[in-house]
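Protein chains: 2
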Amino acid sequence: MTPNQTTGATMVNAFDPGQPGALDPALARMIERRGRLLGPAYRLFYQTPVEVCRAQGTRLYDSQGRDYLDAYNNVVSVGHCHPQVIAAVHAQMQLLCTHTRYLQDGILDYAEALLPSFGGRIGAEGHLMFTCTGSEANDLAIRIARHHTGRNGIIVTEEAYHGNSELTAGFSPSLGRGARLGTWVRRVPAPDSYRHDPAALGHMMAAAVTRAAEELARHGDGLAAFVADSLFSSDGIFTTPEVLGPVAAAVRAAGGLFLADEVQAGFGRSGERFWGFQRHGIDPDIVTMGKPMGNGFPVAAVAVAREVVAEFGRDLRYFNTFGGNGVAIAAARATREVILTEDLQGNAQRIGTLLRAGLAALAERFEGIGDIRGAGLYIGVEMVSDRARRTPDAQAAAAIVNGLRERRVLISATGPGANVLKIRPPLVFSAADADQLLSTLEAVLRKR
Amino acid sequence: MTPNQTTGATMVNAFDPGQPGALDPALARMIERRGRLLGPAYRLFYQTPVEVCRAQGTRLYDSQGRDYLDAYNNVVSVGHCHPQVIAAVHAQMQLLCTHTRYLQDGILDYAEALLPSFGGRIGAEGHLMFTCTGSEANDLAIRIARHHTGRNGIIVTEEAYHGNSELTAGFSPSLGRGARLGTWVRRVPAPDSYRHDPAALGHMMAAAVTRAAEELARHGDGLAAFVADSLFSSDGIFTTPEVLGPVAAAVRAAGGLFLADEVQAGFGRSGERFWGFQRHGIDPDIVTMGKPMGNGFPVAAVAVAREVVAEFGRDLRYFNTFGGNGVAIAAARATREVILTEDLQGNAQRIGTLLRAGLAALAERFEGIGDIRGAGLYIGVEMVSDRARRTPDAQAAAAIVNGLRERRVLISATGPGANVLKIRPPLVFSAADADQLLSTLEAVLRKR
Chain A
29 MTPNQTTGAT
39 MVNAFDPGQP
49 GALDPALARM
59 IERRGRLLGP
69 AYRLFYQTPV
79 EVCRAQGTRL
89 YDSQGRDYLD
99 AYNNVVSVGH
109 CHPQVIAAVH
119 AQMQLLCTHT
129 RYLQDGILDY
139 AEALLPSFGG
149 RIGAEGHLMF
159 TCTGSEANDL
169 AIRIARHHTG
179 RNGIIVTEEA
189 YHGNSELTAG
199 FSPSLGRGAR
209 LGTWVRRVPA
219 PDSYRHDPAA
229 LGHMMAAAVT
239 RAAEELARHG
249 DGLAAFVADS
259 LFSSDGIFTT
269 PEVLGPVAAA
279 VRAAGGLFLA
289 DEVQAGFGRS
299 GERFWGFQRH
309 GIDPDIVTMG
319 KPMGNGFPVA
329 AVAVAREVVA
339 EFGRDLRYFN
349 TFGGNGVAIA
359 AARATREVIL
369 TEDLQGNAQR
379 IGTLLRAGLA
389 ALAERFEGIG
399 DIRGAGLYIG
409 VEMVSDRARR
419 TPDAQAAAAI
429 VNGLRERRVL
439 ISATGPGANV
449 LKIRPPLVFS
459 AADADQLLST
469 LEAVLRKR
Chain B
29 MTPNQTTGAT
39 MVNAFDPGQP
49 GALDPALARM
59 IERRGRLLGP
69 AYRLFYQTPV
79 EVCRAQGTRL
89 YDSQGRDYLD
99 AYNNVVSVGH
109 CHPQVIAAVH
119 AQMQLLCTHT
129 RYLQDGILDY
139 AEALLPSFGG
149 RIGAEGHLMF
159 TCTGSEANDL
169 AIRIARHHTG
179 RNGIIVTEEA
189 YHGNSELTAG
199 FSPSLGRGAR
209 LGTWVRRVPA
219 PDSYRHDPAA
229 LGHMMAAAVT
239 RAAEELARHG
249 DGLAAFVADS
259 LFSSDGIFTT
269 PEVLGPVAAA
279 VRAAGGLFLA
289 DEVQAGFGRS
299 GERFWGFQRH
309 GIDPDIVTMG
319 KPMGNGFPVA
329 AVAVAREVVA
339 EFGRDLRYFN
349 TFGGNGVAIA
359 AARATREVIL
369 TEDLQGNAQR
379 IGTLLRAGLA
389 ALAERFEGIG
399 DIRGAGLYIG
409 VEMVSDRARR
419 TPDAQAAAAI
429 VNGLRERRVL
439 ISATGPGANV
449 LKIRPPLVFS
459 AADADQLLST
469 LEAVLRKR
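As structure tokens, then:
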């Protein structure tokens with residue numbers, strides 16, 4: 029964690045240019061050049077930032093040809109530089125790259141293929157709207173939710189992240205104290221299965237949502253939408269299933285919409301189901317998606333129940349110059365096809381289970397591992413300084429993340445205590461990759 | 029124009045599904061399917077929408093193999109499917125497509141090459157920050173401007189368009205009455221050179237800005253930024269140079285920042301200068317860019333003076349998952365190189381001059397042409413029902429746009445009166461293309 033004492037701006041696993049240590053001179057020059065050209069709002073990962081030049085599958089390579097095992101990047105869901113995605117993008121680039129105000133087949137074929145996967149009302153007769161980023165998807169989703177409900181308020185979890193636009197940053201508390209939350213935002217605790225009875229989480233969270241909605245009503249905002257990432261990534265990764273069922277009921281009782289932010293959890297990541305919200309047995313009003321949708325090509329979307337977007341479509345319109353252009357659609361189609369044909373959801377389930385078993389074995393030997401959570405290939409390992417008290421140990425997490433990085437294995441950390449190892453590899457992560465991650469982690473833990 | 033009488037939601041040159049006329053059955057089925065899958069917020073162009081399958085240079089082709097002359101799409105600035113952009117994207121797709129929290133050379137090389145083009149403070153020691161869309165760039169720019177000034181208010185022109193996010197839609201009056209403007213927004217008239225003395229426009233506009241800033245101060249918002257597209261695209265295309273100099277002085281006097289929105293005017297479009305604001309001799313605090321930056325690949329950016337973003341970088345951070353990824357940068361680098369090596373700015377100037385001369389010749393024969401404006405390859409032709417009174421003639425503009433479309437030449441219309449023909453072709457538009465556009469326009473005008 030790089031805390032800025034003046035303002036409270038923090039980011040877990042950020043390079044701290046104030047403590048450059050003994051950086052290689054070439055790296056130091058590159059970092060200086062980067063600061064000069066890109067400015068002060070950019071952050072790098074790790075105590076010693078990683079330079080990358082090329083990648084393949086689950087491997088990144090630097091300019092010296094050294095390979096890094098990628099156990100972090102969920103965007104390249106089907107693996108870095110997957111030939112089928114490259115071929116699809118290249119073929120479409122040679123044909124046509126234009127916007128949605130002309131008729132094109134590809135976007136319709138893709139929407140027709142994807143919509144049934146949501147089930148419920150969206151699956152039956154919902155719509156798919158295209159943006160370029162998850163932030164844009166969440167921004168649009170809230171515009172739709174507010175227009176439909178005529179209300180303003182948003183409820184999120186305490187350390188949620190939902191985007192970088194003015195609107196979405198306004199309900200993304202994980203951006204730190206420097207980023208002001210909207211006056212129309214209320215926060216509820218994430219379903220912390222490590223510190224509470226997992227069976228009680230749903231009703232605890234639902235009760236908190238009901239109280240927050242009452243607060244929003246008292247302030248005249250009312251509840252437009254509850255928004256959650258079903259894996260609670262920036263809250264510390266909480267993956268207990270069925271928690272959001274009672275929450276959705278509380279949201280509806282308060283007249284709000286349920287927005288499932290699937291930017292992290294979607295497209296098979298959770299192993300068990302194609303969409304993370306489906307692990308909770310709910311029927312959301314709006315679903316947003318992004319990161320892995322085009323395996324790195326900028327494409328994201330909003331799936332919305334028909335009745336929810338009806339007034340928005342009547343009173344307003346939505347156009348996104350690049351959103352859903354032919355090439356974005358080609359990338360999304362190929363990525364979805366690879367996920368299905370290579371059974372990457374199944375792989376996420378299998379390798380995720382393997383990884384968690386290996387981590388559990390390490391936990392028997394290393395006291396610092398307090399909890400292991402996860403679904404599919406989204407895994408959180410909570411480091412603690414005291415198992416009985418479950419005291420967050422950010423230093424241990426940082427040491428492990430950077431120790432792995434020195435051994436060329438890339439993960440990160442998350443959570444309000446910055447003490448949860450965040451393991452989120454491409455979905456093509458193999459059993460051998462899992463072995464390498466586990467054995468390297470063991471070496472790092474042993475050295476501490 | 030498709031006015032929605034209930035809500036005032038309008039869009040110039042939108043297909044009206046309520047008046048489908050005698051559409052080809054296959055086209056009607058595709059439109060029905062589109063509505064079912066993408067929902068009611070999407071719009072199509074033209075009375076008879078255009079289906080497209082492939083494109084090359086200045087030509088689009090439908091599934092019947094019919095060719096359309098593209099005199100509208102500014103995104104594909106270097107021409108549809110330019111081989112150099114395709115090759116650059118393909119090469120990078122095979123190498124690496126990842127985000128900015130690892131060190132990469134390409135993004136730095138691009139920023140280093142582009143920044144000097146802005147001149148002034150940004151050229152000297154400014155920064156370049158990457159997003160995926162122009163909306164995201166304007167949204168981020170305003171976040172930066174508000175953080176820097178500690179103020180809230182934004183001044184735009186009466187029919188401005190600056191984006192589709194909640195924040196940017198809030199200062200995009202051209203979205204229509206269904207889209208609420210922020211309480212912190214004030215509007216000033218665009219510099220209408222057809223109805224006012226061009227020499228007086230700068231001081232008229234500056235005086236309006238001063239009054240608007242006083243209003244914002246009285247309401248406690250104060251002025252964070254004045255935002256303008258230097259070609260005033262959605263206001264009706266006004267291209268008198270030097271107008272924004274006095275405006276910038278008024279903005280500074282009120283303590284605000286000048287945000288030059290170059291999403292439309294940038295990258296050589298205006299012919300005379302690489303950036304549209306440079307035709308006004310000003311030194312903006314922030315410049316935003318997008319559409320043509322990657323010739324259709326989703327990439328956009330904010331260029332900002334060093335001192336303006338210093339606090340934002342200290343107190344907050346900015347990360348955009350796809351913004352400035354390796355492939356986006358490859359597309360942007362290739363596009364910029366083509367603009368320079370093929371002298372497309374010069375071509376815009378030459379062909380734009382040719383087109384305006386041809387239009388002026390038509391105006392001698394057709395009374396309905398009230399005014400011809402433009403810079404480079406951004407041209408507005410104002411249609412009027414009465415030359416002496418300069419009465420906007422939206423019907424004439426719609427008839428011409430759709431008449432050209434029937435003859436497979438694509439333009440659109442703009443302006444508060446929906447009566448300004450919007451001619452904005454790829455910058456590779458040739459003299460032969462210009463001839464075809466002019467002779468087809470003549471045929472359409474003659475038939476009326």
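Those protein sequence lines, which keep their order, are chains A and B. Count along the first sequence from 1, add 28, and you get the number used in the numbering used here. Count along the second sequence from 1, add 28, and you get the number used in the numbering used here. By construction, the Cβ of each residue, glycine as well, lies at the ideal position given by its N, Cα and C atoms.
I'd like to know whether the C-beta of residue i is nearer than 8 Å to at least one C-beta of chain B.
{"i": "A:T267", "result": "no"}
{"i": "A:M29", "result": "Here A:M29 scores only 37 on pLDDT, less than 50, and its place in the model should not be relied on; the value that follows carries that caveat. Taking Cβ atoms only, chain B never reaches closer than 8 Å to A:M29, which makes this a no."}
{"i": "A:E79", "result": "yes"}
{"i": "A:F350", "result": "yes"}
{"i": "A:Q132", "result": "yes"}
Where does residue i sit, in a helix, a strand or coil, going by DSSP?
{"i": "A:V103", "result": "coil"}
{"i": "B:R364", "result": "helix"}
{"i": "A:P201", "result": "helix"}
{"i": "B:F350", "result": "coil"}
{"i": "B:A391", "result": "helix"}
{"i": "A:T34", "result": "Residue confidence for A:T34 is low, a pLDDT of 38 falling below 50, so the modelled location carries little weight; the figure read from the coordinates is stated next. Looking at A:T34 - three-state DSSP - the assignment turns out to be coil, as it is neither helix nor strand."}
{"i": "B:E290", "result": "coil"}
{"i": "B:E470", "result": "helix"}
{"i": "B:F325", "result": "strand"}
{"i": "A:M58", "result": "helix"}
{"i": "B:P269", "result": "coil"}
{"i": "A:L51", "result": "coil"}
{"i": "B:T185", "result": "strand"}
{"i": "A:Q84", "result": "strand"}
{"i": "A:H108", "result": "strand"}
{"i": "B:L432", "result": "helix"}
{"i": "B:S413", "result": "strand"}
On the DSSP letters alone, give me the boundaries of the alpha helix (DSSP H) that residue i sits inside.
{"i": "B:I439", "result": "Taken as a continuous stretch (DSSP letters only), B:I439 belongs to no alpha helix (DSSP H), as it is neither H nor E."}
{"i": "A:M233", "result": "L229 to R246"}
{"i": "B:V337", "result": "R334 to D343"}
{"i": "B:R149", "result": "G148 to E153"}
{"i": "A:A141", "result": "D133 to L142"}
Nearest to residue i by CA position, among the options, is which residue?
{"i": "A:A446", "options": "A:D167, A:E335, A:T419 and A:H127", "result": "A:T419"}
{"i": "A:V113", "options": "A:F305, A:I314 and A:G85", "result": "A:G85"}
{"i": "B:Y189", "options": "B:N166, B:Q377 and B:L473", "result": "B:N166"}
{"i": "B:M58", "options": "A:G134, A:F260, A:C81 and A:T76", "result": "A:G134"}
{"i": "B:A42", "options": "A:L124, A:Q75 and A:T128", "result": "A:T128"}
{"i": "B:V366", "options": "B:T161, B:L143, B:H108 and B:D249", "result": "B:H108"}
{"i": "A:Y100", "options": "A:R82, A:L195 and A:F73", "result": "A:F73"}
{"i": "B:S105", "options": "B:A460, B:Q464, B:A462 and B:V456", "result": "B:V456"}
{"i": "B:F394", "options": "B:P219, B:T381, B:G154 and B:V412", "result": "B:V412"}
{"i": "A:L433", "options": "A:V472, A:D421 and A:Q423", "result": "In the sequence under discussion, the amino acid at residue 433 of chain A is Arg, which differs from the Leu named in the question. Of the candidates A:V472, A:D421 and A:Q423, the one whose C-alpha sits nearest the C-alpha of A:R433 is A:V472."}
{"i": "A:A460", "options": "A:D399, A:G380 and A:I397", "result": "A:G380"}
{"i": "B:V337", "options": "B:D249, B:P326 and B:V315", "result": "B:V315"}
Which first and last residues belong to the beta strand (DSSP E) in which residue i is found?
{"i": "A:L97", "result": "D95 to D98"}
{"i": "A:K319", "result": "Counting along the chain, A:K319 falls outside any beta strand (DSSP E), and DSSP gives it neither H nor E."}
{"i": "A:L123", "result": "Counting along the chain, A:L123 falls outside any beta strand (DSSP E), though it belongs to the alpha helix (DSSP H) covering P111 to L123."}
{"i": "A:G402", "result": "I397 to A403"}
{"i": "A:L168", "result": "Note, A:L168: premise wrong, no beta strand (DSSP E); alpha helix (DSSP H) at G162 to T177."}
{"i": "A:I310", "result": "Premise fails: A:I310 is in no beta strand (DSSP E) and is neither H nor E."}
Within the 8 Å Cβ cut-off, does residue i reach chain A?
{"i": "B:R57", "result": "no"}
{"i": "B:S145", "result": "no"}
{"i": "B:E164", "result": "yes"}
{"i": "B:I170", "result": "yes"}
{"i": "B:P68", "result": "yes"}
{"i": "B:L492", "result": "Here chain B comprises residues numbered 29 to 476, so residue 492 of chain B is not present and cannot be evaluated."}
{"i": "B:E194", "result": "yes"}
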